[in-house]
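Chemist: Residue numbers (this note's numbering): 9 to 116. We put the CB at the ideal spot given by N, CA and C, even for glycine. A quick note: this is a predicted structure, and the numbers were derived from the prediction, not measured. Have a look at this one.
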């Protein structure tokens, strides 16, 4: 099992894991869920204690990566498969996935 810590505005909000079969799973951290003003990363990942597995986790985290040719170039430079979202995130951010929210509001 491989794990990345997901940060939003400098605060650890959850953990993204990849099991040996490649399945992704995201879970919000209890301390984030208990925090006043906590917001969801996305409408597709609403605040809840249960984890998001497979396509639910993959859709969001694949969506924050570049697409098509930029993705291919980055994957080539980093020496990972362009289809391996977890490996791309890991190589780009180390053991962290850093998200930055701007303008339009929280959680969308």
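1) What span of residues does the alpha helix (DSSP H) with residue 85 cover, start to end?
2) Please report how far the alpha carbon of residue 66 lies from the alpha carbon of residue 37, in whole angstroms.
3) Distance check for residue 17 and residue 187, CA to CA, integer angstroms please.
4) If contact is defined by three or more beta carbon pairs under 8 Å, each pair taking one atom from either stretch, is the segment 48 to 68 in contact with the segment 25 to 36?
5) Among 48, 27, 57, whose alpha-carbon lies nearest the alpha-carbon of residue 68?
6) Under 6 Å Cβ to Cβ from residue 43, same chain only, skipping five residues before and after it: list those, please.
7) Could you check where the alpha helix (DSSP H) with residue 93 kicks off and where it finishes?
Modeler: Let me spell this out:
1) The residue given as residue 85 occupies position 77 in the chain shown. Counting along the chain, residue 85 sits inside the alpha helix (DSSP H) bounded by residues 76 to 86.
2) Reading the chain shown from its first residue, position 58 is the one you call residue 66. Reading the chain shown from its first residue, position 29 is the one you call residue 37. Looking at the two C-alpha atoms, the distance is approximately 18 Å.
3) Any answer about residue 187 is impossible in this case: the structure gives the chain only from 9 up to 116.
4) Verdict: yes, contact present.
5) Start at 1 with the first residue of the chain shown, and residue 68 comes out as number 60. Among 48, 27, 57, the Cα nearest to that of residue 68 belongs to 48.
6) Position 35 of the chain shown, counted from the first residue, corresponds to residue 43. Closer than 6 Å at the Cβ level, and outside the excluded window around residue 43, lies no residue.
7) Residue mapping note: residue 93 aligns to position 85 of the chain shown, counting from 1. Residues 93 to 101.
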